[in-house]
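Chemist: Heads up: the sequence shown begins at 22 in our numbering, then just goes up one per residue. Backbone N, C-alpha and C fix where the C-beta goes; we use that ideal spot for every residue, glycine too.
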Amino acid sequence: WYFIAMFVWTFLVYAMGNFIPQYCVSGSSAGAIGGLFIHDLVGLFVTPLGWGMMYYFVPILLKKPIWSHGLSLVGFWGLAFFYPLQGIHHFLYTPIPMFLQYGAVMSTIAVELVVMTVVINFFGTLWGDGKAFWDNLPIRWFYTGMVLYFVTCAQCALQVTMTFQQLIHFTDWVVGHAHLVMFGVFSMWIFGVMTYL
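Now the structure itself:
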């Protein structure tokens with residue numbers, strides 16, 4: 022699911038980010054679309070790739086099925102429905118209309134719940150097999166990435182509150198958040214794949 026969705030979503034995100042601001046909108050609307058484009062490249066290309074690798078390799082490495090198929094469905098469809106709307110949360114307190122900013126905040130909170138289902142599902146899969154975490158190097162890479170993913174999402178949950186946003190508005194906090202996702206989370210998952218192969 023995740024790998025197929027990644028290709029479909031990437032095509033749609035590319036079209037949105039490269040054609041709509043160029044030919045259809047201008048001003049702060051184009052900025053909003055640009056924010057959605059950048060954020061959705063991470064969320065709808067890299068996240069499905071990472072989660073797909075986890076859903077593929079973790080059962081192989083642990084030699085048991087994923088803990089809950091139902092939670093995996095919640096994770097997939099939650100990512101599909103809520104992630105595309107949250108990119109504007111990096112542009113709170115800007116000229117972008119407030120209803121769009123509030124919508125991005127609500128969508129971000131929904132994604133946090135979706136991420137919790139994915140994290141719970143993977144730690145439920147590891148439950149009772151803690152020895153595998155210490156004995157299996159690829160599992161350590163994958164689960165370190167999952168813990169960092171949770172930390173990143175907790176950081177995101179803080180940064181979308183309007184009160185906290187007043188403190189970090191246009192600071193390097195947002196840049197650090199983006200780098201933690203790419204270098205902390207996804208590099209761990211790639212290392213997991215490389216050490217497995």
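Please name the residue in Q176, I160 and I189 whose C-alpha comes closest to that of Y76.
Modeler: Ranking the options by Cα distance to Y76, first place goes to I160.
Chemist: Give a yes or no on contact between the segment 100-115 and the segment 41-59, applying the rule of three or more CB pairs nearer than 8 angstroms.
Modeler: Contact holds: three or more Cβ-Cβ distances are below 8 angstroms.
Chemist: Assuming T165 contacts V202 under a Cβ cut-off of 8 angstroms, what Cβ separation, rounded to an integer in Å, is found between them?
Modeler: About 14 angstroms; that fails the 8 angstroms criterion.
Chemist: For P80, which residues from the same chain have a beta carbon less than 8 angstroms from its beta carbon, with the 5 sequence-adjacent residues on both sides left out?
Modeler: The answer, listed in chain order, is P86, I87 and T146.
Chemist: Note down, one range per segment and in chain order, each alpha helix (DSSP H) of at least 4 residues found wholly within the segment 98-183.
Modeler: Segments of the alpha helix (DSSP H) lying fully in the segment 98-183: 119-147, 151-156 and 158-180.
Chemist: Output needed for L134: all residues of its chain with C-beta closer than 6 angstroms, excluding positions within five of it in sequence on either side, in chain order.
Modeler: Nothing meets the Cβ criterion.
Chemist: Thinking just about the alpha-carbon of each residue, which of L82, F78 and W22 is nearest to the one in K152?
Modeler: Nearest option by C-alpha distance: L82.
Chemist: Okay, do the segment 91-103 and the segment 191-202 touch, 3+ Cβ pairs below 8 angstroms being the bar?
Modeler: No, the segment 91-103 does not touch the segment 191-202.
Chemist: To which residues of the same chain is A53 closer than 6 angstroms at the C-beta, ignoring the five residues directly before and after it?
Modeler: Result list for A53: I109 and I117, in chain order.
Chemist: Can you tell me whether DSSP reads V195 as helix, strand or coil?
Modeler: It is helical.
Chemist: Note down the Cα distance separating H90 from G73, rounded to an integer number of angstroms.
Modeler: Near 14 angstroms, if we compare the C-alpha coordinates of G73 and H90.
Chemist: For the candidate residues T182, C45, L218 and L169, whose alpha-carbon lies nearest to that of H200?
Modeler: It is L169.
Chemist: Report yes if the CB atom of L92 is closer than 9 angstroms to the CB atom of V139, and no otherwise.
Modeler: Contact flag set, yes.
Chemist: For F78, which residues from the same chain have a beta carbon less than 8 angstroms from its beta carbon, with the 5 sequence-adjacent residues on both sides left out?
Modeler: Excluding residues within five positions, the ones whose Cβ falls inside 8 angstroms are P159, F163, G213, V214 and Y217.
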